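Counting the sequence shown from 1 gives a position; this note's numbering is that position plus 88. Built from N, CA and C at the ideal position, the CB exists for glycine as well. Quick caveat, the model's predicted, so the values are computed rather than measured.
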Amino acid sequence: MPILRVALDLPLHRLFDYVAESASPADVGRLVRVPFAKGERIGLIAGIGDDSAWPAGQLKAVSEVLRDRPLLPRDFLDQIVRVPAGLALVAIAFGLAAVMTLD
């Protein structure tokens, strides 16, 4: 089962791992709804892989891949390195979504 590396809007220099049966490498750059703490958050799929540093039984499943929202270009994602990934990527994704809905 694919493991998604998800950037969340948190001041942390790390990504969070979630599982998603329906995800593919084409989903990198898409927004995703995930369980976090006692609620849900919107994050951004920053990568996809086959393994995690966490035991498979501890990984939570993605609630929804938001495929109806704009996709961030992969080359753009690769350039974000100097700020916490979650803060930068989620802010950019939401800004892009707002701009695209104005057209």
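Report the option in LEU132, LEU100, TRP142, GLY137 whose CA atom is closest to the CA atom of GLU109.
GLY137
Taking the C-alpha atoms as reference points, what is the distance between LEU147 and ALA114?
21 Å
Per DSSP, what kind of secondary structure is PRO113 in: helix, strand or coil?
helix
Look at the Cβ atom of LEU92, then the Cβ atom of VAL120, and state whether they are nearer than 8 Å.
yes
If we ignore side chains and look at the alpha-carbon of each, how far apart do PRO90 and ILE130 end up?
19 Å
When DSSP labels each residue in this structure, what does ARG129 get in the three-state scheme?
strand
For a test of the three-state rule: what should DSSP assign to ARG93, helix, strand or coil?
strand
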